[in-house]
Amino acid sequence: MRPGATPLEPLPAAVPAALAPYYAQRPVWQPCDSGFECTTFRVPLDYDHPGDGDLTLAAARAAAEPPGPGNASPAPSATASQDTRLGSLLLNPGGPGGSAIEYLEAAARTYDRGVRARYDLVGLDPRGVGRSTPVSCLSGDRMDAYTAVGLTPGDQQGIDALITADKEFAEGCRKQAGAALGHLSTVEAARDMDVLRALLGDEKLNLVGKSYGTFLGATYAGLFPSRVGRLVLDGAMDPALDSVTGNRTQAGGFETAWTAFAQDCAKREDCPLGRTEQQVGEQLTALLGGVRTASLPTTEAGRRLTESLATTGVIQAMYADFLWPKLRAALTDAAAGDGTGLLKLSDDYYGREPDGSYPNLMFANTAVNCLDLPAPFHGPEDVQRAVPEFERVSPHFGRDMAWMALTCTYWPVRATGAAHTIRAAGAAPIVVIGTTRDPATPYAWARSLAGQLESGRLLTFDGDGHTAYGRHSTCVDGAVNRFLLTGEAPEQGKRCER
Numbered sequence: 000m001r002p003g004a005t006p007l008e009p010l011p012a013a014v015p016a017a018l019a020p021y022y023a024q025r026p027v028w029q030p031c032d033s034g035f036e037c038t039t040f041r042v043p044l045d046y047d048h049p050g051d052g053d054l055t056l057a058a059a060r061a062a063a064e065p066p067g068p069g070n071a072s073p074a075p076s077a078t079a080s081q082d083t084r085l086g087s088l089l090l091n092p093g094g095p096g097g098s099a100i101e102y103l104e105a106a107a108r109t110y111d112r113g114v115r116a117r118y119d120l121v122g123l124d125p126r127g128v129g130r131s132t133p134v135s136c137l138s139g140d141r142m143d144a145y146t147a148v149g150l151t152p153g154d155q156q157g158i159d160a161l162i163t164a165d166k167e168f169a170e171g172c173r174k175q176a177g178a179a180l181g182h183l184s185t186v187e188a189a190r191d192m193d194v195l196r197a198l199l200g201d202e203k204l205n206l207v208g209k210s211y212g213t214f215l216g217a218t219y220a221g222l223f224p225s226r227v228g229r230l231v232l233d234g235a236m237d238p239a240l241d242s243v244t245g246n247r248t249q250a251g252g253f254e255t256a257w258t259a260f261a262q263d264c265a266k267r268e269d270c271p272l273g274r275t276e277q278q279v280g281e282q283l284t285a286l287l288g289g290v291r292t293a294s295l296p297t298t299e300a301g302r303r304l305t306e307s308l309a310t311t312g313v314i315q316a317m318y319a320d321f322l323w324p325k326l327r328a329a330l331t332d333a334a335a336g337d338g339t340g341l342l343k344l345s346d347d348y349y350g351r352e353p354d355g356s357y358p359n360l361m362f363a364n365t366a367v368n369c370l371d372l373p374a375p376f377h378g379p380e381d382v383q384r385a386v387p388e389f390e391r392v393s394p395h396f397g398r399d400m401a402w403m404a405l406t407c408t409y410w411p412v413r414a415t416g417a418a419h420t421i422r423a424a425g426a427a428p429i430v431v432i433g434t435t436r437d438p439a440t441p442y443a444w445a446r447s448l449a450g451q452l453e454s455g456r457l458l459t460f461d462g463d464g465h466t467a468y469g470r471h472s473t474c475v476d477g478a479v480n481r482f483l484l485t486g487e488a489p490e491q492g493k494r495c496e497r
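With numbering that gives the first Met the number 0 applied, the sequence shown corresponds to residues 0 to 497, in that order.
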């Protein structure tokens, strides 16, 4: 157990009488976008005081699709019967702040046909996210200004500008979210999932959670171990890390991904940064330093590429190796004085729409993170002391990510969570997937979570990019689909490549 990380204790198995009305709801499912069914249901704003008001949450469902002629997917083992429905399979794409409903609409038809034949696929937007009483903080033009503020301040003026931006963001959230801002934690979102499980008529909860969805799923397992069905946690987070350590090790994850990109780039004719890994890294540093001195013009009216936006664009491309060609092209253009490509990558990271609006992804992301763990820093002096260690583990991204973590310092509500381990004693097998060069959820996190969980099974993908299931490897996909369809978990320590 990590120092300072206490175990997450399970909740009583019986539903408390005060919560019984929530578990007894009968939601009405109605046709909605993309041919799916949608519904809403109520959960208490505060589970400790259910009389203080409710939140309305939204969910969507893609009904199980029995395979038709020419559409059959063979069972991975003799125990899997294609005509036996297995219940509901919740999907969560992570974030925090990612809309599970939008993910469902995009991903439902790409899931394995055998899985789709036997599960209703369900997307629940967690509280504060998407269609579930979403948090909003800043207008589009103010978000443009916020994302452009420098994250590597070299003097007091730069520090003051960053603090002012963080305070404006926090105040906007406070004004627009109200009391809900103090009740968007992962523990509360996990309890919401248990309400939905009951409303779906399932005795146990089945889930494929990616990235932050692994923290949500692991938290559910810790609170309700006897109700764990088939949980797949892909791109695992480590709940035992405090916020400083988590931010610092994540910076190291992006550095690992950058090294993989640099090695690949140096071999290609269209690499604009050099012919060795060292040259590529040095030229990136020089390019970003130049943008810090003088922002670059773009084809986006009224918008210029600042250093923070350029760095965010590079970070966005680390999430998936299929984005590497786009990053090479964007870096080529930036070296020639055009920041449009990196700006577009940055916009993709934030979810910025062509009309200048933003989804609530980053608003909810900050709100959840600032509740789940105490702020990593008390003020800019703490950040300045931490920067050298951040830069040691990540020469290219460490300084930015250290200053980025200052946001929670000025959050208007106090954190309700703390670092903890999750054992989930007595739970059914839980599959934890780690990708060796994952930028956002470093592989060490998956090893740690699988080791904490009493029934954790670590499945390793030796590859690049963020998460593995349904993206890279027939080996990973086969192991996960077999688990979802039969309950047969991969052997401990199984390793997959492309």
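From the three backbone atoms N, C-alpha and C, an ideal C-beta is built for every residue, glycine too.
Fully enclosed by the stretch 291-360, which alpha helix (DSSP H) runs are 4 residues long or longer? 306-317, 323-334 and 339-349
Helix, strand or coil for I158, going by three-state DSSP, please let me know. helix
Have a look at K203, E496, R84 and Y21 and flag the residue whose alpha-carbon is nearest the alpha-carbon of D119. R84
Using the rule of at least 16 other Cβ atoms within 10 Å of the residue's Cβ for burial, across every protein chain shown, is R456 buried or exposed? buried
Beta-bridge partners of R494, as assigned by DSSP: Paired residues: T459.
Using CA atoms only, rank isn't needed, just tell me which of G425, P428, H465 and A424 is closest to W444. Considering only alpha carbons, the answer is H465.
For S80, is the classification buried or exposed, using 16 other Cβ atoms within 10 angstroms of its Cβ as the cut-off for buried? At S80, the pLDDT of 43 sits below 50, so the modelled position is not reliable; the number obtained from the coordinates is stated separately. Its Cβ having fewer than 16 others within 10 Å, S80 is exposed.
Out of P133, P324, A300 and T440, which one is the CA nearest neighbour of V367? P133
Determine the closest residue to S225 out of L448, G378, G425 and L322, with distance taken between C-alpha atoms. G425
Among L123, N359, F168 and I314, which has the Cα closest to the Cα of D399? The shortest C-alpha separation from D399 is found at I314.
Classify D51 as buried or exposed, calling it buried when 16 or more other Cβ atoms lie within 10 Å of its own Cβ. exposed
Best match in A106, Y211 and R108 for proximity to P95 [C-alpha to C-alpha]: Here the closest residue by C-alpha is Y211.
So with Cβ pairs under 7 Å, would you call L56 a contact of chain B? Absent from the structure: chain B. Only one protein chain is present.
Nearest CA to the CA of A107: which residue from E36, T420 and T408? E36
Would you mind reading off the limits of the alpha helix (DSSP H) that contains V243? S242 to A265
Are the CB atoms of N246 and A439 nearer to each other than 7 Å? no
At which residues does the alpha helix (DSSP H) containing F389 begin and terminate? For F389, the uninterrupted alpha helix (DSSP H) segment begins and ends at P379 to V392.
Between which two residues does the beta strand (DSSP E) holding G149 run? Neither: G149 is in no beta strand (DSSP E) and is coded neither H nor E.
Whole-angstrom Cβ separation of S242 and P375, contact assumed at under 8 Å? 4 Å
Could you give the first and the last residue of the continuous alpha helix (DSSP H) run that contains D399? Counted as a single uninterrupted DSSP element, the alpha helix (DSSP H) harbouring D399 occupies residues G397 to M403.
Pull up the DSSP beta-bridge partners for F40, would you. Beta-bridge pairing links F40 to L56.
Residue range of the alpha helix (DSSP H) that includes V479: T473 to T485
Ordered along the chain, which non-local residues of its own chain (more than five positions away) have a Cβ less than 6 Å from that of Y348? T311 and Q315
Measuring only the C-alpha atoms, how far is A23 from L372? Across the structure, A23 and L372 are spaced so that their CA atoms are roughly 32 Å apart.
Alpha-carbon spacing of Q155 relative to L341, whole angstroms: 27 Å
Straight-line gap, D332 to P152 (C-alpha atoms, nearest Å): 25 Å
Identify the residues that DSSP records as bridge partners of Q29: which are they? Bridge pairing for Q29: C37 [DSSP].
I need the straight-line Cα distance from Q383 to R481, nearest angstrom please. 49 Å
Curious, which full-length beta strand (DSSP E) runs of at least 3 residues does the stretch 111-199 contain? 118-123
How would you label R497, buried or exposed, when you count the other beta carbons within 10 angstroms and need 16 or more for buried? Counting every other CB atom within 10 Å of its CB across the protein chains shown gives R497 a total below 16, marking it as exposed.
Pair every Cβ in the stretch 222-240 with every Cβ in the stretch 289-299, then say whether three or more of these pairs are closer than 8 Å. no
Within the continuous beta strand (DSSP E) that includes T435, where are the two ends? Here the beta strand (DSSP E) through T435 covers I429 to R436.
DSSP three-state call for I231: helix, strand or coil? Here residue 231 turns out to be Val, not Ile, going by the sequence shown. In this structure, V231 counts as strand in the three-state DSSP scheme.
Spatial distance of R436 from F260 (CA atoms): Near 10 Å, if we compare the C-alpha coordinates of F260 and R436.
S447: first and last residue of the uninterrupted beta strand (DSSP E) it sits in: No beta strand (DSSP E) contains S447, which is instead part of the alpha helix (DSSP H) from Y442 to Q451.
Count the other CB atoms within 10 Å of the CB of S87; is the residue buried (16 or more) or exposed (fewer)? buried
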